[in-house]
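Participant:
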Amino acid sequence: MKKSTLIITLCSVLFVLSVVFAFIPLRQALVIEPRDPTLRLAYIPMKEEAYFKIKYTHSIHLTDVVESYKILPDRKIQQYELMYEDFSIGMPSDSEDGETFVQENGKYYIKNMKRIFPSFYIRIGQVRANHRLIYHKREYPLAKIIKPGASVKIEVRKLSFVQQLKGVNILESF
-1 MKKSTLIITL CSVLFVLSVV FAFIPLRQAL VIEPRDPTLR LAYIPMKEEA
49 YFKIKYTHSI HLTDVVESYK ILPDRKIQQY ELMYEDFSIG MPSDSEDGET
99 FVQENGKYYI KNMKRIFPSF YIRIGQVRAN HRLIYHKREY PLAKIIKPGA
149 SVKIEVRKLS FVQQLKGVNI LESF
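Under my numbering, think of the first position of the sequence shown as -1, with each following residue one higher.
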């Protein structure tokens, strides 16, 4: 009897620990979470000080815009560069204090940006924008994993095993 009781107790403890650890957020990720709770979140597992970009086609002048970001150790997101091809509506014509405005090969860059956000929102383009997430030089079209037109929050946070199962790992989806 003692041996069977020990085995049952050990199995029970392991089961409880497994359930508990399934819900503890442990894995840091760049999370793209739709405001609509019926849509699944998407994520890319990331370590501290990772880099990513968001590329889209500007709706008025129909040229590419690339926003470059860095993940900081405190899980905030720093925009460090902006690239665009046209001064049309909605695009800056100069840099702010401490930033550098550069023109290279017909493109405009604002470099040395130190704009820091805990999170930010974008709306996945329905017609022209074609939002793409660039990570390790590979482009991931966001409209293929998140409903076009959806408003999403982009942030860095830790996900539990269960949250990862419910979400879409962008790196494994393409």
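Using N, Cα and C, we set each Cβ at its ideal position, and we do this for glycine too.
#1: Output the boundary residues of the beta strand (DSSP E) element that contains residue 117.
#2: Out of 57, 94, 138 and 75, point me to the one whose CA is closest to residue 88's CA.
#3: Determine the direct distance from the alpha carbon of residue 13 to that of residue 96, and round the result to whole angstroms.
#4: Enumerated in chain order, which unbroken segments of the beta strand (DSSP E) with a length of 3 residues or greater are wholly contained in the stretch 53 to 91?
#5: Alpha carbon to alpha carbon, how far is residue 77 from residue 147?
#6: Is it buried or exposed for residue 8, if we count other Cβ within 10 angstroms and need 16 for buried?
#7: Can you look up residue 145 in the DSSP assignment and give me helix, strand or coil?
#8: From residue 28 to residue 11, what distance separates their C-alpha atoms?
#9: Which residues does DSSP list as the beta-bridge partners of residue 150?
#10: Could you check how far apart the C-beta atoms of residue 21 and residue 132 are, in whole angstroms? I think they sit under 8 Å.
#11: Using CA atoms only, rank isn't needed, just tell me which of 26, 109 and 32 is closest to residue 119.
#12: What's the C-alpha gap between residue 102 and residue 54?
#13: Residue 60 and residue 126 look like a contact to me (Cβ under 8 Å); what is the Cβ gap, rounded to whole Å?
#14: The alpha helix (DSSP H) with residue 19 in it runs from where to where?
#15: Within a Cβ cutoff of 7 Å, which residues of the same chain sit near residue 90, ignoring the five residues on either side of it in sequence?
#16: Going by beta-carbon coordinates alone, are residue 128 and residue 41 separated by less than 8 Å?
#17: In terms of residues, what are the limits of the alpha helix (DSSP H) holding residue 170?
Facilitator: On the basis of the data shown:
#1: Taking the first residue of the sequence shown as position 1, residue 117 is located at position 119. Unbroken beta strand (DSSP E) run through residue 117: 117 to 121.
#2: Here residue 88 refers to the residue found at position 90 of the sequence shown. Answer by Cα proximity: 57.
#3: Translated into the one-based positions of the sequence shown, residue 96 becomes position 98. Translated into the one-based positions of the sequence shown, residue 13 becomes position 15. Their backbone Cα atoms lie some 55 Å apart in a straight line.
#4: Runs of the beta strand (DSSP E) inside the stretch 53 to 91: 62 to 69 and 75 to 82.
#5: Start at 1 with the first residue of the sequence shown, and residue 77 comes out as number 79. Start at 1 with the first residue of the sequence shown, and residue 147 comes out as number 149. Taken atom to atom, the span from the alpha-carbon of residue 77 to that of residue 147 is near 23 Å.
#6: Locating residue 8 in the sequence shown gives position 10, counting from the first residue. Exposed, by the Cβ-count rule.
#7: Locating residue 145 in the sequence shown gives position 147, where the first residue counts as 1. In this structure, residue 145 counts as coil in the three-state DSSP scheme.
#8: Residue 28 sits at position 30 when you count from the first residue of the sequence shown. Residue 11 sits at position 13 when you count from the first residue of the sequence shown. Going by the C-alpha atoms only, they are around 33 Å apart.
#9: As a first step, residue 150 must be located in the sequence shown, where it is residue number 152. Within the DSSP secondary-structure output, residue 150 pairs in a beta bridge with 32 and 120.
#10: Residue mapping note: residue 21 aligns to position 23 of the sequence shown, counting from 1. Residue mapping note: residue 132 aligns to position 134 of the sequence shown, counting from 1. In fact, because the Cβ distance is near 32 Å, the residues do not count as touching under 8 Å.
#11: As a first step, residue 119 is located in the sequence shown; it is residue number 121 there, counting from the start. In this structure, 32 is the residue among 26, 109 and 32 with its C-alpha nearest to the C-alpha of residue 119.
#12: Here the question's residue 102 lines up with position 104 in the sequence shown. Here the question's residue 54 lines up with position 56 in the sequence shown. Cα-Cα distance, rounded: 19 Å.
#13: Position 62 of the sequence shown, counting from 1, holds the residue named residue 60. Position 128 of the sequence shown, counting from 1, holds the residue named residue 126. About 7 Å separates the two Cβ atoms, so the contact holds.
#14: In the sequence shown, the residue the question calls residue 19 occupies position 21. Taken as a continuous stretch (DSSP letters only), the alpha helix (DSSP H) holding residue 19 covers 0 to 20.
#15: Taking the sequence shown and counting its residues from 1, the one referred to as residue 90 is at position 92. So the qualifying residues of the chain are 108.
#16: Along the sequence shown, one-based indexing puts residue 128 at 130. Along the sequence shown, one-based indexing puts residue 41 at 43. No; because the gap between Cβ atoms is not below 8 Å, this pair is not in contact.
#17: Locating residue 170 in the sequence shown gives position 172, where the first residue counts as 1. Where residue 170 is concerned, the enclosing alpha helix (DSSP H) stretches over 168 to 171.
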